[in-house]
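Here is the structure we will look at, set down as structure tokens.
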Amino acid sequence: MSKPYQMIIADDHAMFIDGVKSILTHEPDIEVVLTASNGAQVLKYLQINGGEAIDLIITDINMPDMDGVALNKAVKEMFPNIKTLVVSMLEDADTIKNLTEANVNGYISKNSEKQELLTAIRTILEGNPYFSNRIKQVVMNAMFEAKTAPKITLTSREEEVIKLIAQEYTTQEIADALFLSKHTIESYRKSLISKLNVRNLAGLTRYAIENKLID
């Protein structure tokens with residue numbers, strides 16, 4: 001018999017780890033060599049032992065210390081030959097996009113049946129990606145909404161204000177820089193929050209970064 005596939009499971013819920021281990025117990029060519037409650041433990045293990053022997057990491061998203069997104073990114077940068085499968089209740093399009101851009105090999109829901117988990121594992125071990133139909137639908141819906149959403153355009157003055165907000169200028173400093181009153185800048189700030197459908201200044205900063213209004 002050839003050497004079994006070496007796997008790691010990372011999840012902060014012991015019941016989930018026990019469930020996956022129980023399923024894999026019946027797979028003679030798969031061996032779970034480590035279980036961890038967060039990504040930091042996995043990364044430490046790989047750094048100490050080297051990642052050459054590990055074939056697949058199954059990971060959740062929400063974990064303390066280092067979540068699944070950060071773990072996948074670190075693994076792909078440091079040990080690109082290791083394959084990764086996310087198994088999570090989280091079905092957020094932005095998170096899925098971040099993971100796929102960081103070369104995750106698969107993503108299924110924790111609500112998936114036992115057989116789909118095994119199918120995902122086998123598909124990935126054979127060198128092919130696996131994303132459940134539900135995850136594919138979430139991505140497709142997000143793409144459709146992005147295409148149909150009205151494009152928001154900012155005036156040159158609004159862009160100037162949001163750039164300075166993102167650079168952590170105070171209201172008075174922005175007013176001085178643009179030769180406007182403090183009251184006018186406060187009005188711009190409230191208008192931008194409403195126009196961009198964000199909740200606070202952090203949301204405005206995120207918008208500025210995502211739309212490359214600042215370096």
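Quick note on numbering: UniProt numbering labels position 110 of the sequence shown as 110, and the sequence is numbered without any gaps.
Even glycine gets a Cβ: it sits at the ideal position worked out from N, Cα and C.
Predicted model, so just to flag it, every value in this text is computed and none were measured.
_With 16 other Cβ atoms within 10 Å as the buried cut-off, status of G50_ = Within the sequence shown, residue 50 is the residue found at index 50, counting from 1. The residue in question, G50, is exposed, as its Cβ has fewer than 16 Cβ neighbours within 10 Å.
*Between which two residues does the alpha helix (DSSP H) containing V42 stretch?*
As a working mapping, residue 42 is identified with position 42 in the sequence shown. Note, V42: alpha helix (DSSP H), G39 to N49.
*Which residue from L178, L164, L180 and N197 puts its Cα closest to that of L213?*
For the purposes of this step, residue 213 is taken as residue 213 along the sequence shown, with counting starting at 1. For L213, the nearest C-alpha among the options comes from L164.
*Can you name, in chain order, every residue of its own chain whose Cβ lies under 8 Å from the Cβ of I54, other than the five neighbours on each side?*
The residue labelled residue 54 in the question sits at position 54 within the sequence shown. Q6, M7, I8, V33, L46, F79 and I82, listed in sequence order.
*asked:* Whole angstroms are fine: how far does the CA of K182 sit from the CA of I135?
replied: In the sequence shown, counting from the first residue as 1, residue 135 sits at position 135. In the sequence shown, counting from the first residue as 1, residue 182 sits at position 182. Using only the alpha carbons, I get a separation of about 47 Å.
*Classification of K73 by the beta-carbon crowding that lies within 10 angstroms, buried from 16 upward*: By 1-based counting over the sequence shown, the position of residue 73 is 73. Classification of K73: buried, given that the 10 Å Cβ count is 16 or more.
*asked:* Give the list of continuous alpha helix (DSSP H) stretches no shorter than 4 residues that lie fully inside the segment 129 to 181.
replied: 133 to 148, 156 to 166 and 171 to 178
*Taking all protein chains shown into account, decide if N38 is buried (16 or more other Cβ within 10 angstroms of its Cβ) or exposed.*
One-based indexing of the sequence shown puts residue 38 at position 38. With 16 or more Cβ atoms within 10 Å of its Cβ, N38 is classed as buried.
_Other residues of its chain near T123: CB distance less than 6 Å, five sequence neighbours each side excluded_ = Counting from one through the sequence shown, the residue named residue 123 turns up at place 123. Here the set comprises Y130.
_I'd like to know whether the C-beta atoms of N133 and L90 end up nearer to each other than 8 Å._
Position 133 of the sequence shown, counted from the start, is the residue given in the question as residue 133. Position 90 of the sequence shown, counted from the start, is the residue given in the question as residue 90. Contact flag unset, no.
*How is I121 classed by DSSP in three states: helix, strand or coil?*
Counting from one through the sequence shown, the residue named residue 121 turns up at place 121. Correct three-state label for I121: helix.
*Do the segment 102 to 119 and the segment 153 to 169 make contact, defined as three or more Cβ pairs closer than 8 Å?*
no
*Taking only the alpha-carbon atoms, compute the straight-line gap between A208 and I23 and give it to the nearest angstrom.*
Residue numbering aside, residue 208 sits at position 208 when the sequence shown is read from its first letter. Residue numbering aside, residue 23 sits at position 23 when the sequence shown is read from its first letter. Near 46 Å, if we compare the C-alpha coordinates of I23 and A208.
_Extent of the continuous beta strand (DSSP E) to which M7 belongs_ = Residue numbering aside, residue 7 sits at position 7 when the sequence shown is read from its first letter. From DSSP, the beta strand (DSSP E) with M7 extends over Y5 to A10.
_Whole angstroms are fine: how far does the CA of E52 sit from the CA of K110?_
Counting from one through the sequence shown, the residue named residue 110 turns up at place 110. Counting from one through the sequence shown, the residue named residue 52 turns up at place 52. Cα-Cα distance, rounded: 28 Å.
*So what does L85 bridge to, in DSSP terms?*
Here residue 85 corresponds to residue number 85 of the sequence shown, with the count starting at 1. Beta-bridge pairing links L85 to I58 and G106.
*Label A36 either buried or exposed according to how many other C-beta atoms from any shown protein chain fall within 10 Å of its C-beta, with 16 as the threshold for buried.*
Taking the first residue of the sequence shown as position 1, residue 36 is located at position 36. A36 should be labelled buried.
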